[in-house]
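Be aware that the sequence shown starts at 414, since it is given in the numbering used here, and climbs by one per residue.
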Amino acid sequence: MTDPAPSRALELVADRAEPAALASEAAFRVLVVDDNPAIHDDFNQSLSDEQTRCRALDELTLSVLGDLPVSAPVSATLGPTFELDFAMQGKEALARVTAARKADAPYALVFMDIRMPPGWDGMESTERITAVDPDVHVVLCTAHINGTAPQRLAALPARDRVLILKKPFDMLEVRQMASVLCEKWVLSRRDKARMAELEHSVSEQQGELAATNAHLRKEIAERALAESQLRKAQRLEGLGRLAAGLCHEINNPLSFIVGNAEILSEDLPEMASYLPQGLRDELAESLAAIDHGANRITKIVRNIKLFARQSEAPMEVITLRDAVDSALTMARLLQREQLELVVEVGEEQVVGRRLELEQVLINLLENASHAMAGVRASRGAHPLRLEIGIDASEDCMIGLYVSDTGPGIEHAVIDNVFDPFFTTKAVDQGTGLGLSICHSLIHGMGGTIDVQSTPGEGARFTVKLPTVGPPPEESAEAAPEPLFRRSATSGKVLVIDDEPFILRTIERSLRRHVVTCVSNVQDALGLCTREEFDVIFCDIMMPGASGCDFHRILAELVPGAEERIVFITGGTRVDSVRRFLEKVPNKCVEKPFETNELRALVDERLGLRAEHT
Ligand code: ADP
């Protein structure tokens, strides 16, 4: 089997030294697949360790005797050793390769005959074997390469691991080829192991990176949300200040419009006998219109004040179910048969102001009901669903949501729904203050309110309030409300206000009593040292001495008289005045006031006087 012309594979590896790595390996497992047992013997001779050592010894002897150049024999290099197995057919070979891998003792190399009738030929066997073992190298042995062999070889999926060796082959050539391919096998397995290690550490790092990335994303999203909430809160606070200023200016004129309209309505029946019928009706109609308009402005102004004010009421622990239940009893909702109402709220507790939370809930419920009423007709059999539930709590907050299956809110306007005066409702149905009040109240309790909506499918408002932490500060025991009692007796009333129209309006509203009006604190103090008044209505903010000054000086001049003061405020935001009003027990009426409110206060005071005397 001597081949004078070295094969191409041999040429490729001829000048490569056998690496030290190979020497350290245990015997490489080599499988010879050929239907001719004589070929098995050839390979045995060529590759078995015993044979190699014998040949090396012969060659060494010959070279010592001078018959062979010392540098020529390659077999003297006692490199790798091989452990040989044999198979007669492809199927048997496949079974051996499969079993070897299973036993974790894989073959490094297979020498495969191409023609092995009656079973699979070498190509097919190679295809199957390389599919089972992704590392094994195959040397196809053949005497002739027939017409389709190159294409079939090129089509093999593992063609980079397949070589062709032409028969008859040289022992030396076979051994060298086996050495080189086994070296390649070891190296590629090492590379694979290193690659797997690298992949593992890369995937570990990727996992860490992904976690860091997700964490960063979450932080960025949270920060963006917090920033947008802050911007919204600042915008609303600015609007609140503007609205509060506006209210302050409107209050005085509104008070005398409302008061005078009421007085005129009361006087109308008396005047009726002096007026012709037509004029009387017209007057009544005009008064009704003034009354209607003024009442609407009063309502708006009250709402604006609510939106702009900073609540001073103490915080308390609220059980959400209680707040939801009372909001549900008070809210005007669609009738139950038109509505599927789902309440999934339990004993969760938050810290806030219960009445204010109820007011927020009423507003959200009524808005949802109103929104759904609009789609009721077009939905036909579709149920309208109003849902109140708890959102997963986080960051020491609990979320309470109100969701509906109404028309939802268009993306273009969703950022504006909390702005004061934003409304899509008809003039008589909405002022656009409801949600801005909700926003202001919830922020005043240290919470947040947000909306999510899918147009056409509904809206979901979520209120988040702090969960119960350390026990809330003890609120000062609220003084029991004095019993309200009417007295027919006329009382003595002093009114102090720098606005003459207000003075006139109060004077006329309280004409059943003896009313004295003054426009400044000095005059009022002079009167109080001489006379006793049952009630003293005093504007808190006046040029020169204020209502606070009046209270302090009166307490010094006529101790006890200061208790009869009822302050009139325009919803002041001046801190010192607010603190003063919190400190003193005196009552306050807010402009625009109603005449009945003033009358009730005087009656109440007279009732108290009657009780003491
Ligand atoms: P108002 O109810 O007086 O219009 P709000 O401030 O309460 O004032 O609401 C502002 C606007 O927000 C409403 O006019 C409406 O367009 C929208 N809105 C509020 N709640 C809902 C809801 N549940 N579904 C759809 N739109 C809503």
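Using N, Cα and C, we set each Cβ at its ideal position, and we do this for glycine too. In this text, all values refer to a predicted model and were calculated from it rather than measured experimentally.
Helix, strand or coil at Cys809 [DSSP, three-state]: Taking the first residue of the sequence shown as position 1, residue 809 is located at position 396. It is coil, neither helix nor strand.
Residue range of the beta strand (DSSP E) that includes Glu729: Numbered from its first residue, the sequence shown carries residue 729 at position 316. It spans Glu729 to Thr732 - the beta strand (DSSP E) in which Glu729 sits, taken as one unbroken run.
Given a threshold of 16 other Cβ atoms within 10 Å of its Cβ, counted over all protein chains shown, does Asn1018 qualify as buried or as exposed? Sequence index remark: in the sequence shown, residue 1018 carries index 605 (1-based). The displayed chain sequence assigns Arg, not Asn, to residue 1018. Flag for Arg1018 reads buried.
On the premise that Ile663 lies in contact with Val714, defined as a C-beta separation below 8 Å, what is that separation, rounded to the nearest angstrom? Within the sequence shown, the letter at position 301 stands for residue 714. Within the sequence shown, the letter at position 250 stands for residue 663. The Cβ separation is near 6 Å, so the contact holds.
In angstroms with no decimal places, state the Cα-to-Cα distance between Gly401 and Glu675. Examination of residue 401 is not possible in this model, given that the chain is present from 414 through 1026 alone.
Contacts around Leu970, its chain only, beta-carbon distance under 8 Å, and the 5 residues preceding and following it disregarded: Working through the sequence shown from its first residue, we reach residue 970 at position 557. Around Leu970: Leu938, Cys941 and Thr942.
From the DSSP output, read off the bridge partner residues of Phe874. For this step, residue 874 is matched to residue 461 along the sequence shown. Paired residue(s): Val815 and Val864.
Hey, how far is the Cα of Leu1011 from the Cα of Glu800? To locate residue 1011, count along the sequence shown from 1; it is residue 598. To locate residue 800, count along the sequence shown from 1; it is residue 387. One C-alpha to the other measures close to 42 Å.
Buried or exposed, going by whether 16 or more other CB atoms sit within 10 Å of the CB of Asp1016? Within the sequence shown, numbered from 1, the residue matching residue 1016 stands at position 603. Buried, since its Cβ has 16 or more Cβ neighbours within 10 Å.
Could you check how far apart the C-beta atoms of Asn716 and Ile811 are, in whole angstroms? I think they sit under 8 Å. Walking along the sequence shown from the start, residue 716 turns up at place 303. Walking along the sequence shown from the start, residue 811 turns up at place 398. About 27 Å separates the beta carbons of Asn716 and Ile811, which is beyond the 8 Å limit, so they are not a contact pair.
If the criterion is Cβ atoms closer than 9 Å, does the pair Glu769 and Leu854 meet it? Here residue 769 refers to the residue found at position 356 when the sequence shown is read from its first residue. Here residue 854 refers to the residue found at position 441 when the sequence shown is read from its first residue. In contact: Glu769 and Leu854 (Cβ atoms closer than 9 Å).
Whole-angstrom C-beta distance between Leu585 and Ala500, which should lie under 8 Å: Indexing the sequence shown from 1 puts residue 500 at position 87. Indexing the sequence shown from 1 puts residue 585 at position 172. The Cβ separation is near 24 Å, so there is no contact.
Once DSSP output is grouped into helix, strand and coil, what is the label at Arg1012? Position 599 of the sequence shown, counted from the start, is the residue given in the question as residue 1012. Arg1012: helix per DSSP, three-state reduction.
Over what stretch of residues does the beta strand (DSSP E) that includes Leu762 continue unbroken? As a working note, residue 762 is residue 349 in the sequence shown. Looking at the sequence itself, residue 762 is Gln, so the reference to Leu does not match. Here the beta strand (DSSP E) through Gln762 covers Gln762 to Gly765.
In chain order, what residues of the same chain have a beta carbon less than 6 Å from the beta carbon of Ala843, not counting five sequence neighbours either side? Stepping through the sequence shown from its first residue, residue 843 is reached at position 430. Note on identity: in this sequence residue 843 is Gly, with Ala being the wrong assignment. Once the five neighbours on either side are set aside, the close Cβ partners of Gly843 are Thr836.
Measure the CB-CB distance between Ser594 and Ala521 and report whether it falls below 9 Å. Working through the sequence shown from its first residue, we reach residue 594 at position 181. Working through the sequence shown from its first residue, we reach residue 521 at position 108. In the sequence as presented, Ser is not what sits at residue 594; that position holds Leu. Against a cut-off of 9 Å, the Cβ pair of Ala521 and Leu594 comes out as a contact.
What's the C-alpha gap between Ala637 and Leu643? On the sequence shown, residue 637 is found 224 positions in, with the first residue counted as 1. On the sequence shown, residue 643 is found 230 positions in, with the first residue counted as 1. Each residue's alpha carbon lies about 10 Å from the other.
Regarding Ser849 and the ligand ADP, is the C-beta to nearest heavy atom distance less than 8 Å? Residue numbering aside, residue 849 sits at position 436 when the sequence shown is read from its first letter. Yes, the ligand ADP has a heavy atom inside 8 Å of this Cβ.
Would you mind giving the Cβ-Cβ distance between Leu778 and Leu746, rounded to the nearest angstrom? I have them listed as a contact below 8 Å. Sequence index remark: in the sequence shown, residue 778 carries index 365 (1-based). Sequence index remark: in the sequence shown, residue 746 carries index 333 (1-based). Leu778 to Leu746, Cβ: 6 Å. Contact.
Which residues in the same chain have their Cβ closer than 7 Å to the Cβ of Ile731, if we skip the five residues on either side of it in sequence? Here residue 731 refers to the residue found at position 318 when the sequence shown is read from its first residue. Once the five neighbours on either side are set aside, the close Cβ partners of Ile731 are Gln762, Val763, Gly765, Arg767 and Leu770.
Looking at Gly843 and the ligand ADP, is the gap between the Cβ and the nearest heavy atom below 8 Å? Within the sequence shown, the letter at position 430 stands for residue 843. For Gly843, the CB falls within less than 8 Å of some heavy atom of the ligand ADP.
Just curious, the alpha helix (DSSP H) that Thr511 is in, first and last residue? Numbered from its first residue, the sequence shown carries residue 511 at position 98. Bounds of the alpha helix (DSSP H) holding Thr511 are Gly503 to Lys515.
Tell me whether Glu438 sits in a helix, a strand or coil according to DSSP, three-state version. Sequence index remark: in the sequence shown, residue 438 carries index 25 (1-based). With a pLDDT of 47 at Glu438, under the threshold of 50, the predicted position of this residue should be treated as unreliable, and no value is reported.
Any heavy atom of the ligand ADP inside 8 Å of the beta-carbon of Ile821? As a first step, residue 821 is located in the sequence shown; it is residue number 408 there, counting from the start. At residue 821 the sequence reads Gly, which differs from the Ile that was named. Checking every heavy atom of the ligand ADP against the Cβ of Gly821, one is found closer than 8 Å.
Where does Met414 fall in DSSP's three states? For the purposes of this step, residue 414 is identified with residue 1 of the sequence shown, where counting begins at 1. For Met414, the pLDDT reaches just 38, beneath the cut-off of 50, and the residue's location in the model is therefore unreliable, although a value from the coordinates is still provided. Coil.
Ala606 versus Val615: straight-line alpha-carbon distance, rounded: On the sequence shown, position 193 is the one that residue 606 refers to. On the sequence shown, position 202 is the one that residue 615 refers to. Rounded to the nearest angstrom, the two C-alpha atoms are 14 Å apart.
Keeping to the same chain, check which residues put their C-beta closer than 6 Å to that of Ala892; ignore five residues upstream and five downstream. Here the question's residue 892 lines up with position 479 in the sequence shown. Summary for Ala892: the model assigns pLDDT 39, below 50, so the residue's position carries little reliability; its value from the coordinates is reported in the next sentence. Cβ within range, chain order: n/a, list empty.
Tell me whether the beta-carbon of Val948 lies closer than 9 Å to the beta-carbon of Leu907. One-based indexing of the sequence shown puts residue 948 at position 535. One-based indexing of the sequence shown puts residue 907 at position 494. Yes.
Are Phe524 and Arg442 touching if we call contact CB-CB under 9 Å? Along the sequence shown, one-based indexing puts residue 524 at 111. Along the sequence shown, one-based indexing puts residue 442 at 29. No, these two residues do not count as a Cβ contact at 9 Å.
Can you look up Leu553 in the DSSP assignment and give me helix, strand or coil? Here residue 553 refers to the residue found at position 140 of the sequence shown. Of the three classes helix, strand and coil, the one that applies to Leu553 here is strand, per DSSP.
Identify whether Asp962 lies in helix, strand or coil by the three-state DSSP scheme. For the purposes of this step, residue 962 is identified with residue 549 of the sequence shown, where counting begins at 1. Reduced to three states, the DSSP call for Asp962 is helix.
Check whether the Cβ of Ala872 sits closer than 8 Å to any heavy atom of the ligand ADP, and report yes or no. Indexing the sequence shown from 1 puts residue 872 at position 459. Yes, since a heavy atom of the ligand ADP falls inside the 8 Å radius drawn around the Cβ of Ala872.
Taking the Cβ atom as the reference point for each residue, do Leu1027 and Gly821 lie within a distance shorter than 9 Å? No answer is possible for residue 1027: the residues shown for the chain start at 414 and end at 1026.
According to DSSP, Lys905 sits in a beta bridge with which residue or residues? In the sequence shown, counting from the first residue as 1, residue 905 sits at position 492. Per DSSP, Val927.
Three-state class that DSSP yields for Leu719 in the structure shown: Reading the sequence shown from its first residue, position 306 is the one you call residue 719. It is helical.
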